[in-house]
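To keep things clear, I will list the structure first and then write my remarks on it.
Protein chains: 2
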Amino acid sequence: MSSPSPRPWPIFSSEKPETLHLFQPRWDTVENPRTGARMRRLVLETPNWVNVVARMESGGYLMVLQYRFGSAQVTAEIPGGVIDPGEDPLAAARRELREETGCEATRWVDLGSVEPNPAFHDNRCHHFLADGARRVGDLELDPGEDIVVEEWSEERLVSAVLEGEVDHALVLSALSRVLDLRRDLDGAGA
Amino acid sequence: MSSPSPRPWPIFSSEKPETLHLFQPRWDTVENPRTGARMRRLVLETPNWVNVVARMESGGYLMVLQYRFGSAQVTAEIPGGVIDPGEDPLAAARRELREETGCEATRWVDLGSVEPNPAFHDNRCHHFLADGARRVGDLELDPGEDIVVEEWSEERLVSAVLEGEVDHALVLSALSRVLDLRRDLDGAGA
Numbered sequence: 001m002s003s004p005s006p007r008p009w010p011i012f013s014s015e016k017p018e019t020l021h022l023f024q025p026r027w028d029t030v031e032n033p034r035t036g037a038r039m040r041r042l043v044l045e046t047p048n049w050v051n052v053v054a055r056m057e058s059g060g061y062l063m064v065l066q067y068r069f070g071s072a073q074v075t076a077e078i079p080g081g082v083i084d085p086g087e088d089p090l091a092a093a094r095r096e097l098r099e100e101t102g103c104e105a106t107r108w109v110d111l112g113s114v115e116p117n118p119a120f121h122d123n124r125c126h127h128f129l130a131d132g133a134r135r136v137g138d139l140e141l142d143p144g145e146d147i148v149v150e151e152w153s154e155e156r157l158v159s160a161v162l163e164g165e166v167d168h169a170l171v172l173s174a175l176s177r178v179l180d181l182r183r184d185l186d187g188a189g190a
Numbered sequence: 191m192s193s194p195s196p197r198p199w200p201i202f203s204s205e206k207p208e209t210l211h212l213f214q215p216r217w218d219t220v221e222n223p224r225t226g227a228r229m230r231r232l233v234l235e236t237p238n239w240v241n242v243v244a245r246m247e248s249g250g251y252l253m254v255l256q257y258r259f260g261s262a263q264v265t266a267e268i269p270g271g272v273i274d275p276g277e278d279p280l281a282a283a284r285r286e287l288r289e290e291t292g293c294e295a296t297r298w299v300d301l302g303s304v305e306p307n308p309a310f311h312d313n314r315c316h317h318f319l320a321d322g323a324r325r326v327g328d329l330e331l332d333p334g335e336d337i338v339v340e341e342w343s344e345e346r347l348v349s350a351v352l353e354g355e356v357d358h359a360l361v362l363s364a365l366s367r368v369l370d371l372r373r374d375l376d377g378a379g380a
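Line by line, the protein sequences give chains U and D. Residue 164 in the numbering used here sits at position 164 of the first sequence, and the numbers go up by one each step. Residue 286 in the numbering used here sits at position 96 of the second sequence, and the numbers go up by one each step.
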């Protein structure tokens, strides 16, 4: 009796080339259960990530401006980063908020987690809301970081999302759990 | 006179190792304008992507179930894929919708585009709404695909997002432009 498609694809071999900084590439040889065809598919073994929607006591949102090497542009994002080995996602969220913005929060809400891209990443990104945030010290940047922190009103943040100024998918995923990001669908067609 | 931080990081050299299936890795040697420190940073040169929120004449949403090699799980996503070289994003959206679901739509709305991850990708993902979709033929799958298409009510889709059953960040980013995905923030803390 055959199981309903789509089924998991059996893996016949796994090869690991040189580590790529943030990732460990892995080549799996898999078989398509629908066709029997065998093929090599890439997996990027990736540590889990975390990001934080941080709302100040004043109601403003903390935004992190930094130069990004992939897009070669300065982006406006929410605080976040890599979860250390063995580190709890909430602990990582508190640490990244403190290091990147100098802030602590009085109330934390777990917003769940997402898959950054299940086609090739094996990791998850955890989203948190940090409410009642306030400045408690300076940023703690390492030599590989250059960050400017800004506080944006909810109106400015939503407007920046709708206009594409804030456009990192993982930032949008986190924000969509806190803010209504729907567009006007009755405007001009594509 | 120094410009305000963060500034772009000068690139001193670029090396390209073996192509990785979906990506061309590139090592850039860059300098942090804040500290003067030089370091190697990874860029994955990546073609642009597209995905489609497809709403049937009945009001239901088209969901694509497939096995994903990164997460090693069957996911529920909206239709989408890679934009071919020289292909228009809307043309790619129409093509992916047709190939992956057998459907065409009567109204297309450009929902804008996002950066999948500007930290290391140099590409964008274009989001579209395909409204008034209807089945016009069979799926057109290549040997490397195994897909099941389902039609979900809006209620089921939103509930699946809130419960984490639909959790691909690029899918959530597209859906957040059409549906209200906010969570109950007054529930239990983290």
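Glycine residues also receive a C-beta, built at the ideal position from the N, C-alpha and C atoms.
* Asked: Can the beta-carbon of Leu282 of chain D be found closer than 8 Å to that of Asp274 of chain D?
  -> The displayed chain sequence assigns Ala, not Leu, to residue 282 of chain D. Yes. Within cutoff.
* Asked: With which residues is Gly271 of chain D paired in a DSSP beta bridge?
  -> D:Val240
* Asked: Which residues, in chain order, does the region 281-299 of chain D contribute to contact with chain U at a C-beta distance below 9 Å?
  -> Ala283, Arg297, Trp298, Val299
* Are the beta-carbon atoms belonging to Arg314 of chain D and Asn222 of chain D less than 8 Å from one another? -> no
* Cutoff 6 Å; reference His121 of chain U; Cβ partners in own chain excluding five residues on either side -> Leu44, Thr46
* To do: State yes or no: is the beta carbon of Ser176 of chain U nearer than 8 Å to at least one beta carbon in chain D?
  => yes
* To do: Taking only the alpha-carbon atoms, compute the straight-line gap between Leu170 of chain U and Arg177 of chain U and give it to the nearest angstrom.
  => 11 Å
* Asked: What number of angstroms, rounded off, separates the C-alpha of Pro8 of chain U from the C-alpha of Glu115 of chain U?
  -> 18 Å
* Asked: Where does Gln66 of chain U land, buried or exposed, given buried means 16+ other C-beta within 10 angstroms?
  -> buried
* Asked: Taking the alpha carbon of Val240 of chain D as the point to measure from, which residue in D:Gly354, D:Arg346, D:Leu375, D:His317 has its own alpha carbon closest?
  -> D:His317
* Going by Cα to Cα distance, which pick from D:Leu362, D:Pro308, D:Ala309, D:Leu280 is closest to Arg297 of chain D? -> D:Leu280
* Which same chain residues, not among the five before or five after Glu247 of chain D, have their C-beta less than 6 Å away from its C-beta? -> Gly322, Arg324
* Asked: On the three-state DSSP scale, how would you describe Val348 of chain D?
  -> helix
* To do: Starting from the beta carbon of Ala133 of chain U, find every residue of chain D whose beta carbon is closer than 9 Å, and list them in chain order.
  => In chain order: nothing, as chain D lies at least about 14 Å away.
* To do: Identify, in the order they occur along the chain, each residue of the same chain with its Cβ nearer than 8 Å to the Cβ of Glu151 of chain U, setting aside the five sequence neighbours on each side.
  => Met56, Ser58, Gly60, Tyr61, Leu62, Met63
* Asked: Looking only at C-alpha atoms, which of U:Gln24, U:Val52, U:Val82, U:Leu179 sits nearest to Thr101 of chain U?
  -> U:Val52
* Using a beta-carbon distance cut-off of less than 9 Å, what residues from the region 257-273 of chain D approach chain U? -> Tyr257, Arg258, Phe259, Gly260, Ser261, Ala262, Gln263, Val264, Thr265, Glu267
* Taking the beta strand (DSSP E) that Glu341 of chain D falls in, what are its first and last residues? -> 337-342
* Just the C-alpha distance for Ile337 of chain D and Pro79 of chain U, rounded to the nearest angstrom, thanks. => 36 Å
* Asked: How many angstroms separate the CA atom of Glu267 of chain D from the CA atom of Pro118 of chain U?
  -> 10 Å
* To do: Assign Pro143 of chain U to one of two classes, buried (16 or more other C-beta atoms within 10 Å of its C-beta) or exposed (fewer than that).
  => exposed
* Run through DSSP, which three-state label would Arg98 of chain U get? -> helix
* Cβ atoms of Gly271 of chain D and Glu294 of chain D: under 8 Å apart, would you say? -> no
* According to the Cβ coordinates, are Phe12 of chain U and Thr35 of chain U closer than 8 Å? -> no
* To do: Indicate whether at least one CB of chain C lies closer than 8 Å to the CB of Met229 of chain D.
  => This model lacks chain C altogether; the protein chains it does include are U and D.
* Three-state secondary structure (DSSP) of Ser274 of chain U -> Here chain U comprises residues numbered 1 to 190, so residue 274 of chain U is not present and cannot be evaluated.
* Within-8 Å CB hit, Asp138 of chain U to chain D -> no
* **Positions along the region 194-212 of chain D whose CB lies within less than 8 Å of some CB in chain U** => Pro194, Ser195, Pro196, Arg197, Pro198, Trp199, Pro207, Glu208, Leu210, His211, Leu212
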